[in-house]
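Report on one structure; see the data block that follows.
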Amino acid sequence: MNESAAARSERRAERSLGALSSLVLVLIAAMCTFVLLKAWPSFSHNGPMWFGWGGNVDDQLTAIFNSPANPAKWDYTIRTWPILYATALVTIISVGIGIVVSTLAAVFIVEFAPDSAKRVVSPVIRLLAAVPSVIYGLIGILVLVPFVGNHLISEGRKNAVTFVVQLSGASLGVAVVILTIMITPIMVAIIADAFRAVPNGWKEGAIALGANRWRVMWTVVVRSARPAIIAAAVIAAARAIGEGIMLAMVSGSVGFAPNPMDGITFVFEPMRPYAATIVDNAEGLSVKPFGQTIYAMAAVLLFASLMLSLGGNLAKRPLRKYGVRL
Amino acid sequence: MSRSRITVAAVSAVAAMVVAPAAASAKPIITISGSTSVAPLTAKLIPAFLKSSVGKNKATFKLYQGGSDIGVADVSAGRVTIGEASRDLKSSDAGGIVWNKIARDAVCVAVNNGNGVSTLSSAQVQDIFSGTVRNWSDVTGSGKTTSINLYVRTAASGTQDAFQKLFMGAKTVSSSAAQKASNGLIQNSIKTDPNGIGYVSFDFLGGIKGLSYQGVPCTLTNAKSGAYSAVRNFWMITRGAPTGVTASFIRWVQNDKAAQKIVAAGWVPLV
Numbered sequence: 051m052n053e054s055a056a057a058r059s060e061r062r063a064e065r066s067l068g069a070l071s072s073l074v075l076v077l078i079a080a081m082c083t084f085v086l087l088k089a090w091p092s093f094s095h096n097g098p099m100w101f102g103w104g105g106n107v108d109d110q111l112t113a114i115f116n117s118p119a120n121p122a123k124w125d126y127t128i129r130t131w132p133i134l135y136a137t138a139l140v141t142i143i144s145v146g147i148g149i150v151v152s153t154l155a156a157v158f159i160v161e162f163a164p165d166s167a168k169r170v171v172s173p174v175i176r177l178l179a180a181v182p183s184v185i186y187g188l189i190g191i192l193v194l195v196p197f198v199g200n201h202l203i204s205e206g207r208k209n210a211v212t213f214v215v216q217l218s219g220a221s222l223g224v225a226v227v228i229l230t231i232m233i234t235p236i237m238v239a240i241i242a243d244a245f246r247a248v249p250n251g252w253k254e255g256a257i258a259l260g261a262n263r264w265r266v267m268w269t270v271v272v273r274s275a276r277p278a279i280i281a282a283a284v285i286a287a288a289r290a291i292g293e294g295i296m297l298a299m300v301s302g303s304v305g306f307a308p309n310p311m312d313g314i315t316f317v318f319e320p321m322r323p324y325a326a327t328i329v330d331n332a333e334g335l336s337v338k339p340f341g342q343t344i345y346a347m348a349a350v351l352l353f354a355s356l357m358l359s360l361g362g363n364l365a366k367r368p369l370r371k372y373g374v375r376l
Numbered sequence: 028m029s030r031s032r033i034t035v036a037a038v039s040a041v042a043a044m045v046v047a048p049a050a051a052s053a054k055p056i057i058t059i060s061g062s063t064s065v066a067p068l069t070a071k072l073i074p075a076f077l078k079s080s081v082g083k084n085k086a087t088f089k090l091y092q093g094g095s096d097i098g099v100a101d102v103s104a105g106r107v108t109i110g111e112a113s114r115d116l117k118s119s120d121a122g123g124i125v126w127n128k129i130a131r132d133a134v135c136v137a138v139n140n141g142n143g144v145s146t147l148s149s150a151q152v153q154d155i156f157s158g159t160v161r162n163w164s165d166v167t168g169s170g171k172t173t174s175i176n177l178y179v180r181t182a183a184s185g186t187q188d189a190f191q192k193l194f195m196g197a198k199t200v201s202s203s204a205a206q207k208a209s210n211g212l213i214q215n216s217i218k219t220d221p222n223g224i225g226y227v228s229f230d231f232l233g234g235i236k237g238l239s240y241q242g243v244p245c246t247l248t249n250a251k252s253g254a255y256s257a258v259r260n261f262w263m264i265t266r267g268a269p270t271g272v273t274a275s276f277i278r279w280v281q282n283d284k285a286a287q288k289i290v291a292a293g294w295v296p297l298v
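Spelled out as structure tokens, the structure:
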């Protein structure tokens with residue numbers, strides 16, 4: 051074969067880049083396999099009822115932790131419905147509110163903000179997106195949780211539910227508020243970038259047809275950026291599901307499933323999602339059955355992230371013909 | 028084209044082999060089971076021992092739990108090398124086992140600084156933490172009429188185990204209590220919640236009010252003198268006198284400065 055030097059170095063680059071990306075795939079596959087292998091005993095002992103309800107999940111975790119040393123007598127019984135429900139609630143509500151707020155904020159930043167405001171707001175949003183989540187957790191437990199517990203929840207409300215759960219301020223409401231504040235900056239940055247990428251010709255055409263600026267933004271720009279909005283929602287949801295430390299501090303630290311039938315009290319009820327449960331119980335990993343249960347929760351989170359990415363890709367497919375950026 | 032594919036596959040195979048676990052070595056395996064209170068201390072001591080000059084590469088440790096009774100039973104029957112207990116010798120325990128004391132631990136009940144309570148009897152502590160008493164108006168001296176907010180530790184906590192054994196006896200802690208992951212988080216929760224009550228290691232009373240238990244204040248002096256009753260011993264139990272690496276481990280824990288520093292970080296050291 052007669053290859054020029056340029057073609058040879060091109061093939062070298064191709065091979066090394068291919069090897070690097072294969073290495074990443076191998077690492078991801080190894081990580082998933084490791085977690086699944088460790089988690090398998092917990093799933094096999096409980097079956098599909100691992101996600102079901104029945105009994106108090108905190109008491110079950112304590113019983114698993116106190117298993118005797120004899121492997122034949124290890125306790126695996128767990129029903130993680132309250133934790134699953136808490137994870138779903140906090141993620142869906144935060145991402146829902148986040149999408150609305152960040153779309154409107156992005157519309158403002160791209161179209162309606164005066165130049166001086168644009169110069170300030172855009173860098174600030176990117177800065178906020180980089181703040182570590184522990185900072186939000188500290189602000190939560192030092193400021194928000196005492197404020198909610200001592201000033202927003204009345205004594206009557208606390209006494210009304212005192213035989214079921216304690217309302218101390220750390221709750222679903224505080225968790226949703228802080229999580230929304232955490233995930234909105236990333237979404238605003240992504241969606242604003244997508245809005246800016248819409249060709250000017252489309253916007254000018256709409257204006258020429260008589261639409262005012264708000265209609266142009268809403269009917270042309272936001273519609274064409276829908277794939278980016280979905281991508282932003284998927285990234286935000288992945289961050290919300292995996293948020294462990296902040297939620298462990300502010301969400302209430304009880305394996306309780308908040309009841310929407312309670313009215314306003316629903317917002318003040320404590321709960322604890324999967325990642326927060328893993329953070330709180332990580333010190334028990336040395337007890338084998340307990341460690342396997344924690345790995346099982348980690349496997350659920352891994353699976354959820356994978357499904358989120360897949361779901362996001364599937365949701366963007368029908369929008370391909372409208373979208374500017376996929 | 029297939030040549031570059033083979034090269035890519037070869038590079039990733041080498042990378043995968045690097046990631047694969049190392050082969051098992053032929054070191055003795057020391058199994059430890061027993062008290063869930065001692066286990067957190069042991070979990071800290073093991074890596075420090077394996078790093079020390081005495082313990083480097085000497086053994087592999089496997090740490091189980093199950094409770095003090097399980098530890099005593101396992102080591103008596105020869106199922107494990109070391110049994111751990113956070114209670115003292117009982118007459119019903121089997122003979123032929125040697126109890127080696129390694130540390131002591133004190134647990135204090137604490138409330139918010141704005142709470143008027145200064146001492147609790149054992150019946151009061153049990154009623155409050157089991158959920159029988161749910162309002163501060165039922166606790167003498169508090170001066171409040173609000174509902175009680177309980178802060179306890181997660182299942183893996185040794186402090187939780189101590190509290191259950193030293194204070195609660197046969198009663199169980201209410202399942203509506205908020206389970207926090209560390210002494211520090213309990214301390215912070217009680218500091219910011221005027222209605223809060225919880226238990227912490229005596230190190231963590233900054234900013235909150237440690238209560239006297241049955242009239243005796245919770246301090247290091249009282250813990251060392253024995254006046255404060257909620258202190259327990261940590262034991263490592265062996266079948267007969269300890270030998271080999273087990274003996275050097277227990278001796279290291281009891282005497283070495285590095286080990287005593289780890290003990291002093293959260294427990295009452297022996298000396």
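Respectively, the protein sequence lines represent chains A and B. Sequential numbering of the first sequence, starting at 51, is according to my numbering. Sequential numbering of the second sequence, starting at 28, is according to my numbering. Note that beta-carbon positions come from the ideal geometry of N, C-alpha and C, so glycine has one too.
Looking at the DSSP output, S60/B bridges to G110/B.
Take the alpha-carbon of V144/B and the one of F229/B: they are about 18 Å apart. 8 Å or more divides the Cβ of I175/A from the Cβ of V214/A. Listed along chain B are S31, T34, V35, each with a C-beta nearer than 7 Å to that of R65/A. Residue Q206/B holds the alpha-carbon nearest to the alpha-carbon of Q187/B among S148/B, Q206/B, A292/B. Distance from the Cα of F158/A is smallest, within the candidate group L178/A, V226/A, F245/A, for F245/A. CA-CA distance, Q153/B to G141/B, rounds to 22 Å. Under the DSSP assignment, D312/A falls outside any beta strand (DSSP E); it carries neither an H nor an E label.
Taking a Cβ-Cβ cut-off of 7 Å, the neighbours of D108/A in chain B comprise S202, Q206, given in sequence order. A straight line joining the alpha-carbon of N96/A with that of D165/B spans about 42 Å. Excluding its 5 nearest sequence neighbours in each direction, G293/B has C-beta neighbours in its own chain below 7 Å: S228, D230, listed in chain order.
Counting C-beta atoms within 10 angstroms of its own C-beta, W100/A has 16 or more neighbours from the protein chains shown and is therefore classed as buried. When the alpha-carbon of N363/A is set against those of I328/A, A278/A, E319/A, I314/A, the nearest one is in A278/A. The criterion of a C-beta distance shorter than 8 Å is not satisfied by A208/B and S79/B.
A buried status is given to L229/A, since no fewer than 16 other beta-carbon atoms sit within 10 Å of its beta-carbon. By the Cβ-count criterion, M263/B is buried, with 16 or more other Cβ atoms from all chains shown falling within 10 Å of its own Cβ. Rounded to the nearest whole angstrom, the CA to CA distance from P67/B to F93/A is 27 Å. A distance below 7 Å between beta-carbons, with the five flanking residues on each side excluded, links G267/B to the following residues of its chain, in chain order: G123, V125. Boundaries of the beta strand (DSSP E) harbouring D132/B: 124-138, taken from the DSSP string.
Annotation: the continuous alpha helix (DSSP H) that includes G206/A extends over 205-210. For the C-beta of T159/B, not a single chain A residue is nearer than 8 Å; the gap to the nearest is close to 11 Å. The beta carbon of I33/B is closer than 8 Å to none in its chain, skipping five residues each way along the sequence. Taking a beta-carbon distance threshold of 8 Å, L73/A counts as an interface residue toward chain B.
For S39/B, the neighbours in chain A by C-beta distance under 7 Å run, in chain order, A69, S72, L73, V76. Against chain B, the beta carbon of S94/A has no neighbour under 9 Å; the closest one sits roughly 21 Å away.
Taking the CA atoms as reference points, W90/A sits about 35 Å from Q216/A. S303/A sits in coil when the DSSP states are folded into three classes, being neither helix nor strand. Interface residue (Cβ-Cβ distance to chain B less than 8 Å): A156/A is not classified as such.
Any Cβ of chain B closer than 8 Å to the Cβ of F316/A would place that residue at the interface, and such an atom is absent. Identification of residues in the segment 337-351 of chain A having a C-beta nearer than 9 Å to some C-beta of chain B yields V337, K338, F340, given in sequence order. At a beta-carbon threshold of 7 Å, the residues of chain B lying near S303/A are A205, Q206, K207, ordered along the chain. Residues of chain B whose Cβ lies closer than 7 Å to the Cβ of E319/A do not exist; the shortest such Cβ separation is about 11 Å. Assignment of I289/B by DSSP, reduced to helix, strand and coil, places it in the helix class. For Q92/B, the chain A residues whose Cβ falls inside 9 Å of its Cβ are F115, N116, S117, P118, A119, G334, S336, V337, F340, in order along the chain.
Not flagged as an interface residue toward chain A: A86/B, since no C-beta distance is shorter than 8 Å.
Contact annotation: I291/A and T153/A have beta-carbon atoms that are not nearer than 8 Å.
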